[in-house]
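Positions in the sequence shown are counted from 1; adding 88 to them yields my numbering.
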Amino acid sequence: MSGGPFRSRRAAAMPESVFARMDAAKDAARRAGREVVDLSIGSSDLPPPEAALAALRDAAFDPATHGYALHAATRPLREAACAWYRERFGAVLDPEEEALTLIGAQEGFANLLLATADPGDAVLLPDPGYPSWAGAVAVAGLEAVPLPLEEGRGFLPDLEAVPAAAAARAKIVVLSYPNNPTAACADLDFFARAVAFAERHDLLLVHDFPYVDLAYDEADAPSALAAPGARERVVELYSFSKSYHLAGLRIGFALGAAPAIASLRTVKGAIDFNAWRGVQRAAVAALATPRAQVREGAATYRTRSRALVEALDEVGVPTDLPRASMYVWTRLPHGATDSVAWAVALAAETGVVVAPGVGFGARGEGWMRLALVRPEEELRRAARTIGAWSRTRSR
Ligand SMILES: Cc1ncc(COP(=O)(O)O)c(C=O)c1O
Numbered sequence: 089m090s091g092g093p094f095r096s097r098r099a100a101a102m103p104e105s106v107f108a109r110m111d112a113a114k115d116a117a118r119r120a121g122r123e124v125v126d127l128s129i130g131s132s133d134l135p136p137p138e139a140a141l142a143a144l145r146d147a148a149f150d151p152a153t154h155g156y157a158l159h160a161a162t163r164p165l166r167e168a169a170c171a172w173y174r175e176r177f178g179a180v181l182d183p184e185e186e187a188l189t190l191i192g193a194q195e196g197f198a199n200l201l202l203a204t205a206d207p208g209d210a211v212l213l214p215d216p217g218y219p220s221w222a223g224a225v226a227v228a229g230l231e232a233v234p235l236p237l238e239e240g241r242g243f244l245p246d247l248e249a250v251p252a253a254a255a256a257r258a259k260i261v262v263l264s265y266p267n268n269p270t271a272a273c274a275d276l277d278f279f280a281r282a283v284a285f286a287e288r289h290d291l292l293l294v295h296d297f298p299y300v301d302l303a304y305d306e307a308d309a310p311s312a313l314a315a316p317g318a319r320e321r322v323v324e325l326y327s328f329s330k331s332y333h334l335a336g337l338r339i340g341f342a343l344g345a346a347p348a349i350a351s352l353r354t355v356k357g358a359i360d361f362n363a364w365r366g367v368q369r370a371a372v373a374a375l376a377t378p379r380a381q382v383r384e385g386a387a388t389y390r391t392r393s394r395a396l397v398e399a400l401d402e403v404g405v406p407t408d409l410p411r412a413s414m415y416v417w418t419r420l421p422h423g424a425t426d427s428v429a430w431a432v433a434l435a436a437e438t439g440v441v442v443a444p445g446v447g448f449g450a451r452g453e454g455w456m457r458l459a460l461v462r463p464e465e466e467l468r469r470a471a472r473t474i475g476a477w478s479r480t481r482s483r
């Protein structure tokens with residue numbers, strides 16, 4: 089594929105974003121005077137911990153935060169992340185060798201691919217999956233080999249079914265549970281099998297783990313790093329966007345296999361100067377949030393998911409209850425199959441905006457994702473709107 093003027097082959101290889109189209113549809117609905125109920129993006133509407141906001145405010149007026157933050161300046165957050173991991177999952181990690189701060193899990197993922205695989209290598213990538221993964225794979229010049237997530241298997245991939253040739257070409261396998269968009273969970277046995285698979289094929293296992301705190305039952309979100317042998321070949325990516333409702337701050341951390349962490353640090357050294365120290369201080373403060381308070385987020389999303397699923401069921405859109413996350417994943421009603429056309433028309437004609445399933449990969453076609461980022465009553469209203477609108481559309 090040729091790049092064209094001022095366009096690299098890598099930019100040209102980026103998949104088209106369905107979400108840019110949804111953004112345009114949203115904008116058109118707004119301009120047409122519709123009240124927009126945006127359930128298309130997982131941007132939390134819940135309050136961040138006050139201590140994190142206070143740390144941020146105080147840091148703004150502390151000149152010690154205003155300069156570049158080199159690696160040593162990230163030590164307090166790396167230490168806090170390892171202490172948090174020990175408290176939550178029981179293992180002691182080394183903040184120097186096994187931890188790195190990130191400008192969000194998304195940035196960490198993209199740079200981790202650049203740091204640990206070479207152009208032409210393959211990556212085993214869940215389908216459906218978080219859309220920016222596919223973009224990161226294209227930027228790094230890698231080949232995406234889809235790992236189908238089937239409803240009948242609880243949206244867990246069948247690793248034994250990966251063709252031998254694809255496993256041999258691959259350098260990385262990507263997993264993410266609690267899962268976006270399917271809201272599925274995996275247990276530690278699954279991760280043990282996944283680590284054994286990664287060992288067999290000499291793969292790095294990247295576990296994108298931003299929903300660590302959003303399993304409705306805490307036991308449903310084990311750490312892949314806790315599986316036997318994982319410390320040698322797993323990198324786990326953490327975010328403050330979902331647990332602490334701080335998506336705009338752009339902060340996260342990576343924990344795991346020391347050689348991969350070292351490679352990521354090298355690549356990031358050419359790209360960024362780490363998050364602002366004030367943001368890092370806010371993150372340290374957030375990690376000290378009492379567990380009961382952190383769990384309130386999961387409880388709110390659980391209550392909202394029950395309300396939304398009940399309302400969808402009532403209007404003839406049968407939907408499974410999620411066990412985790414801030415999403416409900418369901419088939420389009422009345423056998424609709426073109427999720428983009430369906431979601432664009434829904435937005436234009438009603439103002440309710442959902443994420444079309446195909447935006448998460450070919451296996452998402454025929455599905456939609458609704459983010460639980462509005463209060464319960466608004467979600468119920470949106471479900472009734474969807475029910476009434478889709479009945480008229482299917483006539
Ligand atoms: C699987 C997954 N990874 C990463 C992210 C982004 O995390 P961050 O805000 O830390 O970049 C999201 C956000 O929705 C996500 O669902």
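We put the beta carbon where it would ideally sit given N, CA and C, even for glycine. These figures come from a predicted structure and were not determined experimentally.
Span of the alpha helix (DSSP H), counted from its first residue to its last, around residue i
i, result
"T189", "From DSSP, T189 is part of no alpha helix (DSSP H) but of the beta strand (DSSP E) over 187 to 190."
"T473", "464 to 482"
"R98", "97 to 100"
"T418", "Here T418 belongs to no alpha helix (DSSP H); instead the beta strand (DSSP E) covers 415 to 419."
"D115", "106 to 119"
"R166", "163 to 177"
"P219", "219 to 227"
"G196", "193 to 204"
"D277", "276 to 288"
"V382", "379 to 402"
"D308", "Looking at the DSSP string, D308 is not in any alpha helix (DSSP H), and its letter there is neither H nor E."
"E138", "138 to 148"
"A254", "252 to 257"
Distance CB(residue i)-CB(residue j) smaller than 7 Å
i, j, result
"A143", "A370", "yes"
"M414", "L375", "no"
"Y304", "A429", "no"
"N268", "Y218", "yes"
"A431", "P444", "yes"
"L200", "L352", "yes"
"L235", "F278", "no"
"T418", "T425", "no"
"E453", "S427", "yes"
"A117", "A358", "no"
"V367", "L337", "yes"
"A205", "I260", "yes"
"S311", "F177", "yes"
"L334", "P136", "yes"
"I349", "L188", "yes"
"P298", "F448", "no"
"P251", "G229", "no"
Local Cβ density within 10 Å of residue i, reported as buried at 16 or more and exposed below that
i, result
"D150", "exposed"
"F94", "exposed"
"G340", "buried"
"A381", "It is worth fixing the name first, because residue 381 is Gln in this sequence and not Ala. Exposed, because fewer than 16 other Cβ atoms sit within 10 Å of the Cβ of Q381."
"R390", "buried"
"R392", "buried"
"G192", "buried"
"R97", "exposed"
"T162", "buried"
"L158", "exposed"
"T480", "exposed"
"Y156", "exposed"
"R119", "exposed"
"D290", "exposed"
"D296", "buried"
"T354", "exposed"
"R145", "exposed"
Where the beta strand (DSSP E) through residue i begins and ends
i, result
"G340", "340 to 344"
"S327", "322 to 327"
"P214", "210 to 215"
"P236", "231 to 236"
"R451", "Counting along the chain, R451 falls outside any beta strand (DSSP E), and DSSP gives it neither H nor E."
"W364", "Careful: W364 lies outside any beta strand (DSSP E) and carries neither H nor E."
Cβ shell of residue i (< 6 Å), same chain only, five flanking positions each side left out
i, result
"G385", "L134"
"A309", "P266, V300, A303"
"A140", "A370, A373, A374"
In DSSP terms, what residue i is bridged to
i, result
"T425", "BP columns for T425 are empty, so no partner."
"L263", "H295"
"V125", "V440"
"R457", "W417, A443"
"A370", "Per DSSP, none; premise fails for A370."
"A303", "A412"
Residues near residue i by beta carbon distance below 7 Å, same chain, minus five either side
i, result
"A232", "V211, L213, A222, V225"
"D246", "none"
"E104", "none"
"R483", "none"
Contact test: residue i Cβ vs ligand 3 heavy atom, cutoff 6 Å
i, result
"N199", "Ligand 3 is absent from the structure shown, which contains only ligand 1."
Close Cβ partners of residue i (< 8 Å) along its chain, the five nearest in sequence each way excluded
i, result
"G317", "V283, A284, E287"
"K114", "V124, D126, S128, A435, V441"
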